[in-house]
Amino acid sequence: MTETRLTPSEAVTSTSRVSVYLRLLRVKQWSKNLLVFAALIFSFDPTHLDRFVLTFEAFFAMCFACSATYIYNDIRDAAKDRNHPKKRSRPIAAGLVTVPQARSVAAVCLAVGLGLGWLTGLTGFVIVVTYLAVQVAYNLGLKAQPVADVYTIASGFILRAMLGAAAIHVPISAWLLYCTGALSLMLGFGKRRHEFLLLGDDAGASRDSLVHYTAGALDALVIMFACAAAICYGIYTIESATAAKYPTLIITAPFVFYGITRYVLVVFAGEEGGEPEEMLFRDKHILASILLFLTSAALVLSGLRLNLLER
Numbered sequence: 094m095t096e097t098r099l100t101p102s103e104a105v106t107s108t109s110r111v112s113v114y115l116r117l118l119r120v121k122q123w124s125k126n127l128l129v130f131a132a133l134i135f136s137f138d139p140t141h142l143d144r145f146v147l148t149f150e151a152f153f154a155m156c157f158a159c160s161a162t163y164i165y166n167d168i169r170d171a172a173k174d175r176n177h178p179k180k181r182s183r184p185i186a187a188g189l190v191t192v193p194q195a196r197s198v199a200a201v202c203l204a205v206g207l208g209l210g211w212l213t214g215l216t217g218f219v220i221v222v223t224y225l226a227v228q229v230a231y232n233l234g235l236k237a238q239p240v241a242d243v244y245t246i247a248s249g250f251i252l253r254a255m256l257g258a259a260a261i262h263v264p265i266s267a268w269l270l271y272c273t274g275a276l277s278l279m280l281g282f283g284k285r286r287h288e289f290l291l292l293g294d295d296a297g298a299s300r301d302s303l304v305h306y307t308a309g310a311l312d313a314l315v316i317m318f319a320c321a322a323a324i325c326y327g328i329y330t331i332e333s334a335t336a337a338k339y340p341t342l343i344i345t346a347p348f349v350f351y352g353i354t355r356y357v358l359v360v361f362a363g364e365e366g367g368e369p370e371e372m373l374f375r376d377k378h379i380l381a382s383i384l385l386f387l388t389s390a391a392l393v394l395s396g397l398r399l400n401l402l403e404r
């Protein structure tokens, strides 16, 4: 039987145009850019309300820059995406958006991202440009290299944290950056593990780097970086400048540890991890740990002090 495929115009007509373009931009994945707010949270100062505006500028700069790279990646990988059980529904792979249309949207996103990045200052602009350069390198070859593919993605999260700090002109702890990198690597290898198990012998047809991984190696990498993330955050709550100013910061650590532990359980017990940003909000335990972490951090930064924890 011959497969009937709609032309892009027919497909978009039969589907909500707004919905299609939101999927093209991958707006759901903008949640990754919330990391930009980390510097604002851990250096909160009610006398500097302008920092909120600067942080939101940095957030949307990264959102539009990310969308530009997502679209560029989808254009390059459209053929491979059609062999993936989930990625085949992406707008370009499914024929809902033409390549010229996608390029036009990507160009607008790139211009907006760079423009907002410039508004955050020269350092912020350089970070946004660096992020884009890293993503180009990823798409041109690094994505096919095992380990290097996930490290490249993780570097994007470190740049997000740095952008948030640069936008409001505050220093950021090296331990917090290490924790960010370790968390990103944990999520990245968790995603590779999910893809490896989901696709089986056809893994290479969707992602070149998957043929070089093994299930055992991916299991070990997820666990290794889960441990590293917990240790780095624990040290951050004790040894950082923020911890020196707010000694009770350590009470936020158990919620981070619990969230990491729960993630590892869900990944190994439920064979999940393919879309970390969705899992974080779908699993009630992980969502609760995030909310409790934010609540405890707010209490600490508002001046909560416990004599037991005084230095």
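Using our numbering, the letters of the sequence shown map in sequence onto residues 94 to 404. Don't be surprised by glycine CBs; every beta carbon is placed ideally from N, CA and C. Just so it is clear, the structure is predicted and the values come from calculations on it, not from any experiment.
C-beta contact flag for Leu147 and Thr213 at 8 angstroms
The sequence position of residue 147 within the sequence shown is 54, counting from 1. The sequence position of residue 213 within the sequence shown is 120, counting from 1. Yes, the pair counts as a contact, with Cβ atoms nearer than the cut-off.
CA-CA distance, His287 and His141?
If you number the sequence shown from 1, residue 287 lands on position 194. If you number the sequence shown from 1, residue 141 lands on position 48. Cα to Cα, the separation comes out at about 43 angstroms.
Report the start-end ranges of each alpha helix (DSSP H) in the segment 223-269 that is 4 residues or longer and not cut off at the edges.
241-260
Ser197 versus Thr307 - alpha carbon distance:
Stepping through the sequence shown from its first residue, residue 197 is reached at position 104. Stepping through the sequence shown from its first residue, residue 307 is reached at position 214. For Ser197 and Thr307, the distance between alpha carbons rounds to 39 angstroms.
Have a look at Val205, Phe145, Pro239 and Val192 and flag the residue whose alpha-carbon is nearest the alpha-carbon of Ile164.
As a working note, residue 164 is residue 71 in the sequence shown. The shortest Cα separation from Ile164 among Val205, Phe145, Pro239 and Val192 belongs to Val192.
Once you ignore the five residues that flank Lys236 on each side, which residues in its own chain have a CB closer than 6 angstroms to its CB?
The residue you call residue 236 lines up with position 143 of the sequence shown. Asp242, listed in sequence order.
Using a Cβ-Cβ cutoff of less than 7 angstroms, which residues in the same chain neighbour Leu225 once the five nearest sequence positions on both sides are dropped?
Here residue 225 refers to the residue found at position 132 of the sequence shown. Closer than 7 angstroms at Cβ, skipping near neighbours: Ala158 and Thr162.
Closest residue to Ala310 among Ala337, Thr335, Ala323 and Val240 (Cα-Cα distance)
By one-based count along the sequence shown, residue 310 stands at place 217. Of the candidates Ala337, Thr335, Ala323 and Val240, the one whose C-alpha sits nearest the C-alpha of Ala310 is Val240.
Just checking, does the segment 226-235 make contact with the segment 108-120 on the three C-beta pairs under 8 angstroms criterion?
No, they do not touch.
When burial is assigned at 16 or more other CB atoms within 10 Å of the CB, is Arg404 buried or exposed?
Taking the sequence shown and counting its residues from 1, the one referred to as residue 404 is at position 311. Its pLDDT being 49, under 50, Arg404 is placed unreliably in this model, and the coordinates cannot settle the point.
For Thr213, which of helix, strand or coil comes out of DSSP?
As a working note, residue 213 is residue 120 in the sequence shown. Three-state DSSP puts Thr213 in coil, outside helix and strand.
For Arg375, is the classification buried or exposed, using 16 other Cβ atoms within 10 angstroms of its Cβ as the cut-off for buried?
Position 282 of the sequence shown, counting from 1, holds the residue named residue 375. Exposed, by the Cβ-count rule.
Inter-residue Cα distance where the pair is Ile316 and Lys284:
On the sequence shown, position 223 is the one that residue 316 refers to. On the sequence shown, position 191 is the one that residue 284 refers to. The straight-line gap from Cα to Cα measures roughly 13 angstroms.
For Leu384 and Phe250, what's the separation of their Cα atoms in angstroms?
In the sequence shown, the residue the question calls residue 384 occupies position 291. In the sequence shown, the residue the question calls residue 250 occupies position 157. Going by the C-alpha atoms only, they are around 20 angstroms apart.
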